[in-house]
Structure formats: C-alpha cells, structure tokens
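A short worksheet on the structure shown next.
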Amino acid sequence: MSSKPLLIEIPQKSKKELPENIQSLLLIARVVDDRFTNLDADSLQRIFYLQQFDYDTIINDIQAVDTTLKALGELLFESGRYDFVIPEDRFPAFESNAFITREMPWEEVKTLCETYNTDAVLSIDYFKTRVKTSYDTEDYFNPYDNAFTSLSKAEMQISYETIIRVYDPAQEKILTRQFLRDTLIWNEVGANVRDLFSRFTPVKKALNEAGIAIALDFSGIIGPVWLRDRRSYFAKGDENMKQAVPLVNTGQWLPAIELWKNTAEKASSKSLKSKAEFNIAFGYEMLGDIDAAIEWALKSYSTMYRTNTYNYLETLKFRKNDLKKQ
-17 MSSKPLLIEI PQKSKKELPE NIQSLLLIAR VVDDRFTNLD ADSLQRIFYL QQFDYDTIIN
43 DIQAVDTTLK ALGELLFESG RYDFVIPEDR FPAFESNAFI TREMPWEEVK TLCETYNTDA
103 VLSIDYFKTR VKTSYDTEDY FNPYDNAFTS LSKAEMQISY ETIIRVYDPA QEKILTRQFL
163 RDTLIWNEVG ANVRDLFSRF TPVKKALNEA GIAIALDFSG IIGPVWLRDR RSYFAKGDEN
223 MKQAVPLVNT GQWLPAIELW KNTAEKASSK SLKSKAEFNI AFGYEMLGDI DAAIEWALKS
283 YSTMYRTNTY NYLETLKFRK NDLKKQ
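Residues in the sequence shown are numbered consecutively from -17, following our numbering.
Following this line, the structure appears as structure tokens:
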C-alpha cells in the first residue's frame, strides 16, 4: 500500500483568543504581599499534622503563584500562538482594595511592555487557595479473615479563586478579565496512619498542582484548541517520495513540498503526478494555507480521479468554512 496514515493536530481558535497583534505576553502576579509565605513542604505539612490533619485554612503560598505563572507561560508557548516573558521581578508592588488588586495604571503597563518588548501584560490580580483536610478511621468487616479491620483515610480539598487580566497598552484596554474558580480533591486510604501518609499527596505539592490547574484553565480560554484528526499521504512512487517520508515525520513541510513538486513536474505517469500533487496539498494544509491545499488537491483530482482525493477535498472545504466562522 503506497499511502501512509498520519495522526495530526489541527488548531481551532478559542472564542476568547486575543487579537492577532498580541503575540507576546509579559507574565506577572500582582498579589504577593506580606500575607504570602514560602514554607518548605515539611514545615507546611507539619502545620496540618499538628491539627490532626483536620484543618480548614487559607494558605497564601508564593510557590503556588510562581508555579501558575511558569505553567501558564509554557502552555501558551506550546500552543504555538504566544511568546512569553516572566521577569525576575515578577511580583511587583500593587494597590488593592479590601478584596482584589486594583487595575494596573496604563503608564505602568506601557513601561513594562517597553522594558520587556512584549505586546501586552498578563497579570494575576487575585489569588486565593483554601485548603481543607480531614482524617478519620473506618471499620469494615473482612470476610476473608472473618474479622473487623480498621482503615485510615484522609481527604484534602483545595478551592482556588483567581482573577487574571490581560492589559493592552496600545489601546489602553483590558482585553480579557477572567474569574476562575474550582475545587480539587485528593483521597487516600491506608492500613494505618504511616501507610496512608506515605502515599498521600503533600499539601505543598497539591498547592502547586492547583496552580497548574489554573494555568490549564486560562490557557484553554485564550489559547487555540488542538483537535486530533487523521490524514494519509503517498509515501512511495519515486526516490523523492521516499526521501520526503522522514521530513514528514519531523514536520519539515517546506522541503517535503519541494521534493513533491519536483516529482509532479517530472512524473512520467498520471498516477505518480496525481500522488505528488495530493501530497503537496497535504503539505500546504499542515502549513495552514488551506487555499493552496485546495488548489493542489483540485490539480490532483483533475490529473487522476481517486476517491480519497475527492474525500480530502470535502475535508478541506469543510475546514475553510469552519475557519470563516471563527
């Protein structure tokens, strides 16, 4: 079989994606003040152990905020849509009312963007994590031993609330203002206390995981969503077609297209010419040029009819219509 299947990812614009001119973001957190600490994992865990792991409190943890910023930067960058800068001084001074940080003055926004050469500022302007833990024992009847057995069990809930704003200095406009809220839950059961807490997620790690959850939430709002789909292309026919296979595997579409174009120009049969033109269409789709993809798919269809070429044309037309709606 000369066609080769390939799993691809297709970007879909988010409904709240930032304007095209916003390509780079400065990531800061205007929440860290005297209430925030950065206790090490053991010290933080000891606070909960001293309360018999039955405790309900707000933890203002610097590392959790920092983890949110770093995870958010990586996720936005990996989306292929944004570049980011996290400055060393990422916890600047700020003014707040009784509840949240006041909006950043536009002169400060402009200065930050000029200093770090970014298009906008993404600022965490509110950050609250409430940790609630509980510990208990429970007896249950073990039919194998014909006796009652005691189990230790623990639960931890972290409820987070955060407000993230994106400031555009050119328009002096807040492009998006998102309030995010959720609760993460950890459960574990053990034969005894030592067994239970040897496997239970520490509070410090859970706070960091909450930060990552916030980053996932927000990046999903302003970043593109990648949908998986399947495609196929022709891997055999002549030497150029074979040489293009490792290029396809590594996403080097331009050199692959050049090889296929060379084959299309010099092909001695309609079958080979049509296959090369089909591959060129596929390559342009992967580069995001749907119009060029349709053009070359039509050439392939005109050169030689194939059911898969017809189906591919329908797929490309659907994608073009879908992009118009976004």
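In this text, a Cβ means the ideal position worked out from N, Cα and C, and glycines have one as well. Computed from a predicted structure; not experimentally measured.
Distance CB(V13)-CB(V67) smaller than 9 angstroms: Contact flag unset, no.
L295 versus N303: straight-line alpha-carbon distance, rounded: Each residue's CA atom was taken as its position, placing L295 and N303 some 12 angstroms apart.
A80 (DSSP reduced to helix, strand or coil): If DSSP states are grouped into helix, strand and coil, A80 belongs with coil.
D150 burial status per 10 Å Cβ neighbour count (16 or more: buried): Classification of D150: buried, given that the 10 Å Cβ count is 16 or more.
Beta-bridge partners of R213, as assigned by DSSP: L(-12), per the DSSP bridge assignment.
Supposed close pair A11, L54 - CB separation, criterion 8 angstroms: Actually they are not in contact, since the Cβ atoms of A11 and L54 sit about 10 angstroms apart, beyond 8 angstroms.
Whole-angstrom C-beta distance between F73 and D65, which should lie under 8 angstroms: Contact check for D65 and F73: beta-carbon distance about 21 angstroms, past the 8 angstroms limit, so the pair fails to qualify.
Beta-carbon gap between L0 and I146 smaller than 9 angstroms: No.
Close-in-space but distant-in-sequence residues of the same chain around G265 (CB under 6 angstroms, 5 per side omitted): Same-chain partners within the cutoff: W235, A238, I239.
CB contact flag (T115, D36, <9 angstroms): Against a cut-off of 9 angstroms, the Cβ pair of D36 and T115 comes out as a contact.
Which listed residue (V185, T232, Q139) has its alpha carbon closest to that of L166: Of the candidates V185, T232, Q139, Q139 places its Cα closest to the Cα of L166.
Whole-angstrom distance between L157 and G233, CA atom to CA atom: Roughly 33 angstroms separates the two Cα atoms.
Length of the line joining the Cα atoms of I40 and D22: Between I40 and D22, the C-alpha separation is close to 16 angstroms.
Exposure label - P206; buried when at least 16 CB within 10 Å: When all chains shown are included, P206 counts as buried.
C-alpha gap between A249 and L241, whole angstroms: A direct Cα-Cα distance of roughly 12 angstroms separates A249 from L241.
Same chain only: Cβ atoms within 6 angstroms of S320, ignoring 5 sequence neighbours per side: No answer is possible for residue 320: it lies beyond the span of the chain, which begins at -17 and ends at 308.
Beta-carbon contacts of K57 that lie in its chain and below 8 angstroms, excluding the five residues immediately before and after: Before going on, a small fix: residue 57 reads as Leu here, not Lys. Result list for L57: A197, L198, S201, G205, in chain order.
Residue of F81, T100, F300 minimising C-alpha distance to F109: Comparing alpha carbon positions, the residue from F81, T100, F300 closest to F109 is F81.
Selected residue, minimal CA-CA separation from Y215, among L32, E221, V230: The shortest C-alpha separation from Y215 is found at V230.
Within 9 angstroms, strictly: CB atoms of N20 and I44: Closer than 9 angstroms, so yes.
Cβ-Cβ distance between L9 and D101 below 9 angstroms: No, the Cβ-Cβ distance between L9 and D101 is not below 9 angstroms.
Same chain, Cβ closer than 6 angstroms to I(-8), neighbours up to 5 away in sequence not counted: Around I(-8), the same chain offers L209, D211 as residues with beta carbons nearer than 6 angstroms, after the five sequence neighbours per side are excluded.
Beta-carbon proximity check, D15 vs R112, cutoff 9 angstroms: Taking 9 angstroms as the Cβ cut-off, D15 and R112 do not qualify as a contacting pair.
Backbone secondary structure at Q234 - three-state DSSP: Three-state DSSP puts Q234 in coil, outside helix and strand.
Beta-carbon spacing of E137, F161 below 9 angstroms: The Cβ atoms of E137 and F161 lie no closer than 9 angstroms to each other.
Sub-9 angstroms separation of A217 and K(-14) beta-carbons: Their beta carbons are under 9 angstroms apart, which means A217 touches K(-14) by this criterion.
Inter-residue Cα distance where the pair is A263 and K224: Straight-line measurement puts the Cα of K224 at about 17 angstroms from the Cα of A263.
Proximity winner among G219, S141, I4, K243, relative to R63 (alpha-carbon distances): Checking every option, the nearest Cα to that of R63 belongs to I4.
Closest by C-alpha distance to K61, when choosing among K(-5), M286, E90: What sits at residue 61 in the sequence shown is Ser, not Lys. Closest option to S61, judged by alpha-carbon separation, among K(-5), M286, E90: K(-5).
Whole-number beta carbon distance between N222 and N244, since they are thought to touch under 8 angstroms: Confirmed, about 5 angstroms.
Minimum C-alpha distance to W168 - residue among I29, K155, A188, N293: Minimum Cα distance to W168 is reached at A188.
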